[in-house]
Amino acid sequence: MGTEFLKIKELEEAIEIIEELFKNSYKNQSEEISLEESVHRVIFNDVEAKIDFPPFNRALKDGYAIKAEDSFKSSPQDPKSLKIIDSIEAGIYSSKTIEKGQAIEISTGAPIPEGSDAIAMVEHTERYGEHVNLLVGVTPNTDIAFKGSDIKKGDLILKKGNILSPGKIGALKAQGLEKIEVFKKPKIGIISTGNELVVDKKDFKFSKIYDVNSYSLKSAIQISGGEGEILAIVKDNYDELKEEIKKGLEKYDILLSSGGTSAGRGDILIEVLNDLGEVYIHGISIKPGKPTIVGKIDSKLVIGLPGNPVAALIVYSTLISPHVRKLSGLKESMKSKVKKFPLNSRLHSSKGRAQYFLVKIQDKKIYPIIKDSGAITSLAIADGYIKVPKEKELLEEGEMLRFYEF
Ligand SMILES: Nc1nc2c(c(=O)[nH]1)N[C@H]1C(S)=C(S)[C@@H](COP(=O)(O)OP(=O)(O)OC[C@H]3O[C@@H](n4cnc5c(N)ncnc54)[C@H](O)[C@@H]3O)O[C@H]1N2
Ligand code: MOO
Numbered sequence: 001m002g003t004e005f006l007k008i009k010e011l012e013e014a015i016e017i018i019e020e021l022f023k024n025s026y027k028n029q030s031e032e033i034s035l036e037e038s039v040h041r042v043i044f045n046d047v048e049a050k051i052d053f054p055p056f057n058r059a060l061k062d063g064y065a066i067k068a069e070d071s072f073k074s075s076p077q078d079p080k081s082l083k084i085i086d087s088i089e090a091g092i093y094s095s096k097t098i099e100k101g102q103a104i105e106i107s108t109g110a111p112i113p114e115g116s117d118a119i120a121m122v123e124h125t126e127r128y129g130e131h132v133n134l135l136v137g138v139t140p141n142t143d144i145a146f147k148g149s150d151i152k153k154g155d156l157i158l159k160k161g162n163i164l165s166p167g168k169i170g171a172l173k174a175q176g177l178e179k180i181e182v183f184k185k186p187k188i189g190i191i192s193t194g195n196e197l198v199v200d201k202k203d204f205k206f207s208k209i210y211d212v213n214s215y216s217l218k219s220a221i222q223i224s225g226g227e228g229e230i231l232a233i234v235k236d237n238y239d240e241l242k243e244e245i246k247k248g249l250e251k252y253d254i255l256l257s258s259g260g261t262s263a264g265r266g267d268i269l270i271e272v273l274n275d276l277g278e279v280y281i282h283g284i285s286i287k288p289g290k291p292t293i294v295g296k297i298d299s300k301l302v303i304g305l306p307g308n309p310v311a312a313l314i315v316y317s318t319l320i321s322p323h324v325r326k327l328s329g330l331k332e333s334m335k336s337k338v339k340k341f342p343l344n345s346r347l348h349s350s351k352g353r354a355q356y357f358l359v360k361i362q363d364k365k366i367y368p369i370i371k372d373s374g375a376i377t378s379l380a381i382a383d384g385y386i387k388v389p390k391e392k393e394l395l396e397e398g399e400m401l402r403f404y405e406f
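For the sequence shown, counting from 1, position 72 maps to 72 in UniProt numbering; every step adds exactly one.
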């Protein structure tokens, strides 16, 4: 049995230890990626505009580039007539200069010709041959987007920490960028342990169950901005687990192992950690999740989550996910996702340790799911979870609680 076995730590102390370990082992890293692959990634540095936008004075309407003063007092009864000297579309410019009494036919997006200070919309004109009648007067600057009026070279367009959305990616491309520096996703290797675990249908026999944790953890890692890879299902065997952990650490920043954390399974993970590195936590005063293990091998963290699927997911979400979020550039807390709702009924909680309940939200009320932490229906119906502090034993119906979404 490992030296730290179930020397239960208070939740607050465990949080501090985990924070220190992350702080000492990892720092934010960046990588440059193609804009095309950048959706949902987090920007690593403030981005300043490299060019003015629009890059030239451009037409906002289809019509005629004119001198505004030529249109003054125009009306359908008394139209002013101008001579059309050229015609330009977007992507083309005219080398001609408009003089008094002249117009250039222009499409939306084309550069405003020299000498022009307004656009007369095509709907407000009547063309006849090489002339156009203006039916409405326009003021100077009408329907022109001036160079740099949207973005000036040097303006801050996106900030460090912004999450790239389709719109933000478009804004970067408008600057001619091909690549963007983003936070590197922390890479996390996932191991499930247990002789009973299978992946394939052909192996699903009496006494076996499917490996749930690898899949729920991989998706939880993805939501917190990391990248998880399912490495292996390992038998309850010291050598096999040691080998898999050594292999995993060559490639991954963090390893998450689930199962085999409590007394009954022979404490294999604790033994491996004691032999290859150090154990910092074995046992936290929370429910579920008491047998959680946190250890370090060289400078990398190996976290042992309890095997029960609800416990594994809750421990990852509450204790590990904030750090993965921070490393991936996301805000540490998910405050924007935390809302308060009233409890739909009385709720008993274990005194002396913080307890997490999976809950469903219905009619804006919290419905705790009271099942053992191995129950799969809980996972299927839960929208998220609530936390009841260790001092509380009984919560009354209607009490307002924070709801944490997965
Ligand atoms: N004497 C004690 N027994 C137990 C304690 C304790 O403190 N003293 N704690 C209980 C609690 S709480 C939990 S949680 C479990 C955690 O123990 P382990 O981490 O060793 O988990 P296992 O025994 O490997 O598995 C528990 C349960 O979960 C199923 N499991 C495991 N891995 C997966 C997976 N990847 N996918 C789906 N289901 C999984 C496993 O089959 C077991 O049914 O220990 C209690 N016992
Ligand atoms: O971690 Mo265990 O689930 O407390 O059931």
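Cβ coordinates follow ideal geometry from the N, Cα and C atoms, glycine included.
Exercise. Under the three-state reduction of DSSP, which class applies to residue 3: helix, strand or coil?
Worked result: Indexing the sequence shown from 1 puts residue 3 at position 3. Low confidence applies here, because residue 3 scores a pLDDT of 49, under 50, leaving its location unreliable; read the following figure in that light. Coil, per DSSP.
Exercise. Name the DSSP beta bridge partners of residue 356, please?
Worked result: Stepping through the sequence shown from its first residue, residue 356 is reached at position 356. In the DSSP output, where bridge partners are listed per residue, residue 356 has 387.
Problem set entry | Any chain B beta carbon closer than 9 Å to residue 101 | In the structure shown, chain B cannot be found, because there is only a single protein chain.
For this session: Please work out which residues of its chain come closer than 7 Å, Cβ to Cβ, to residue 350, disregarding the five sequence neighbours upstream and downstream, and give them in chain order.
Result: As a first step, residue 350 is located in the sequence shown; it is residue number 350 there, counting from the start. Excluding sequence positions up to five before and after residue 350, its CB lies within less than 7 Å of the CB of 287, all in the same chain and listed in chain order.
Exercise. So residue 26 and residue 327 are in contact, right, with Cβ under 8 Å, and what is the actual spacing, rounded?
Worked result: Residue numbering aside, residue 26 sits at position 26 when the sequence shown is read from its first letter. Residue numbering aside, residue 327 sits at position 327 when the sequence shown is read from its first letter. Indeed, because the Cβ distance is near 6 Å, the residues count as touching under 8 Å.
For this session: Rounded to whole angstroms, what's the CA-CA distance from residue 293 to residue 313? Just pull it up for me.
Result: The residue labelled residue 293 in the question sits at position 293 within the sequence shown. The residue labelled residue 313 in the question sits at position 313 within the sequence shown. Approximately 14 Å, taken between the alpha carbons.
For this session: Flag residue 275 as yes when its Cβ comes closer than 8 Å to any non-hydrogen atom of ligand 2, and as no otherwise.
Result: Numbered from its first residue, the sequence shown carries residue 275 at position 275. Answer for residue 275: no, Cβ out of range of ligand 2.
Problem set entry | Proximity below 9 Å, CB of residue 227 to CB of residue 234 | The residue given as residue 227 occupies position 227 in the sequence shown. The residue given as residue 234 occupies position 234 in the sequence shown. Contact: no.
Exercise. Using the C-alpha atoms, what's the distance from residue 300 back to residue 249?
Worked result: Translated into positions along the sequence shown, residue 249 becomes position 249. Translated into positions along the sequence shown, residue 300 becomes position 300. Their backbone Cα atoms lie some 7 Å apart in a straight line.
For this session: Would you mind giving the Cβ-Cβ distance between residue 297 and residue 276, rounded to the nearest angstrom? I have them listed as a contact below 8 Å.
Result: As a first step, residue 297 is located in the sequence shown; it is residue number 297 there, counting from the start. As a first step, residue 276 is located in the sequence shown; it is residue number 276 there, counting from the start. Correct: roughly 5 Å between the Cβ atoms.
Exercise. So residue 404 packs on residue 338, CB below 8 Å; how close in whole Å?
Worked result: Numbered from 1 along the sequence shown, position 404 holds the residue referred to as residue 404. Numbered from 1 along the sequence shown, position 338 holds the residue referred to as residue 338. Right, the Cβ-Cβ distance comes to about 6 Å (below 8 Å), so this counts as a contact.
Exercise. Mapping DSSP to helix, strand and coil, what is residue 213?
Worked result: On the sequence shown, position 213 is the one that residue 213 refers to. Assignment of residue 213 by DSSP, reduced to helix, strand and coil, places it in the helix class.
Exercise. Three or more C-beta pairs closer than 8 Å, one from the region 65-73 and one from the region 45-54: is that the case here?
Worked result: The region 65-73 makes no contact with the region 45-54; the number of CB pairs closer than 8 Å stays below 3.
Exercise. Does ligand 1 have a heavy atom nearer than 8 Å to the CB of residue 234?
Worked result: Along the sequence shown, read from residue 1 onward, the residue named residue 234 stands at position 234. For ligand 1, not one heavy atom lies less than 8 Å from the Cβ of residue 234.
Problem set entry | Per-residue DSSP class, three states only, for residue 22 | Here residue 22 corresponds to residue number 22 of the sequence shown, with the count starting at 1. In this structure, residue 22 counts as helix in the three-state DSSP scheme.
For this session: Could you check if residue 357 is buried or exposed, using at least 16 other CB atoms within 10 Å of its CB as the buried criterion?
Result: Counting from 1 along the sequence shown, the entry for residue 357 is found at position 357. Buried: at least 16 other Cβ atoms inside 10 Å.
Problem set entry | 4 or more residues per run - each alpha helix (DSSP H) lying fully within the UniProt domain "MoaB/Mog" (189-326) | Those alpha helix (DSSP H) runs which fall completely within the UniProt domain "MoaB/Mog" (189-326) and span 4+ residues are 213-223, 238-251, 268-276, 309-315.
Exercise. Hey, quick one: how far does the beta strand (DSSP E) through residue 125 stretch, first residue to last?
Worked result: The residue you call residue 125 lines up with position 125 of the sequence shown. Counting along the chain, the beta strand (DSSP E) containing residue 125 begins and ends at 125-128.
Exercise. Would you call residue 7 buried or exposed, if buried means 16 or more other Cβ atoms sit within 10 Å of its Cβ?
Worked result: The residue labelled residue 7 in the question sits at position 7 within the sequence shown. Exposed is the call here.
Problem set entry | alpha helix (DSSP H) segments (min. 4 residues) lying fully within the region 151-186 | Correct list: 166-173.
Problem set entry | Endpoints, the alpha helix (DSSP H) within which residue 330 is located | Within the sequence shown, the letter at position 330 stands for residue 330. Run containing residue 330: none; DSSP gives neither H nor E here.
For this session: For residue 400, I'd like the list of residues in its chain whose CB is within less than 6 Å of its CB, leaving aside the five on either flank, ordered along the chain.
Result: As a working note, residue 400 is residue 400 in the sequence shown. Contacts found: 340, 342.
For this session: Could you tell me which of 141, 372, 188 sits nearest to residue 310, measuring between CA atoms?
Result: As a working note, residue 310 is residue 310 in the sequence shown. Of the candidates 141, 372, 188, 372 places its Cα closest to the Cα of residue 310.
Problem set entry | Segment contact, 8 Å Cβ cut-off, at least three pairs: the region 80-93 with the region 139-148 | The region 80-93 is not in contact with the region 139-148.
Problem set entry | Any beta strand (DSSP E) of 3 or more consecutive residues that is wholly inside the region 70-113 | Whole beta strand (DSSP E) segments, 3+ residues: 80-88, 102-106.
Exercise. Beta-carbon separation of residue 302 and residue 221 under 9 Å?
Worked result: Position 302 of the sequence shown, counted from the first residue, corresponds to residue 302. Position 221 of the sequence shown, counted from the first residue, corresponds to residue 221. No, these two residues do not count as a Cβ contact at 9 Å.
For this session: Return helix, strand or coil for residue 381, following the three-state DSSP convention.
Result: Counting from one through the sequence shown, the residue named residue 381 turns up at place 381. The answer is helix: DSSP assigns residue 381 an H, G or I state.
Problem set entry | Rounded distance between the beta-carbons of residue 348 and residue 391, thought under 8 Å | Residue 391 sits at position 391 when you count from the first residue of the sequence shown. Residue 348 sits at position 348 when you count from the first residue of the sequence shown. Contact flag wrong, Cβ pair sits at about 14 Å.
Problem set entry | Secondary structure of residue 135, DSSP reduced to three states | Within the sequence shown, residue 135 is the residue found at index 135, counting from 1. In this structure, residue 135 counts as coil in the three-state DSSP scheme.
Exercise. What residues match up with residue 30 in a beta bridge as DSSP calls it?
Worked result: Taking the sequence shown and counting its residues from 1, the one referred to as residue 30 is at position 30. BP columns for residue 30 point to 183.
For this session: Under the assumption that residue 47 contacts residue 158 (Cβ atoms under 8 Å), give the Cβ distance between them as a whole number of angstroms.
Result: To locate residue 47, count along the sequence shown from 1; it is residue 47. To locate residue 158, count along the sequence shown from 1; it is residue 158. Indeed, because the Cβ distance is near 4 Å, the residues count as touching under 8 Å.
Exercise. Measuring CB to CB, does residue 44 end up less than 9 Å from residue 185?
Worked result: Here the question's residue 44 lines up with position 44 in the sequence shown. Here the question's residue 185 lines up with position 185 in the sequence shown. No, the pair does not count as a contact, with Cβ atoms beyond the cut-off.
Exercise. If you measure from the CB of residue 154, is any heavy atom of ligand 2 nearer than 8 Å?
Worked result: Here residue 154 is taken as the residue at index 154 of the sequence shown, counted from 1. Ligand 2 has no heavy atom closer than 8 Å to the beta-carbon of residue 154.
Exercise. Which residues, in chain order, sit with a beta-carbon under 6 Å away from any heavy atom of ligand 2?
Worked result: Residues with a Cβ closer than 6 Å to any heavy atom of ligand 2, in chain order: 287, 288, 289, 290, 291, 306, 308, 311, 373.
For this session: Could you check the C-alpha separation between residue 1 and residue 267 for me, to the nearest Å?
Result: Start at 1 with the first residue of the sequence shown, and residue 1 comes out as number 1. Start at 1 with the first residue of the sequence shown, and residue 267 comes out as number 267. Only weak support is given to the placement of residue 1: the predicted model assigns it a pLDDT of 40, under 50, and the value that follows is read from those uncertain coordinates. Their Cα atoms are separated by approximately 6 Å.
Exercise. Got a sec? Which residues, its chain only, sit under 7 Å from residue 28 by beta carbon, not counting five neighbours each side?
Worked result: As a working note, residue 28 is residue 28 in the sequence shown. These residues qualify, in order along the chain: 183, 327, 329.
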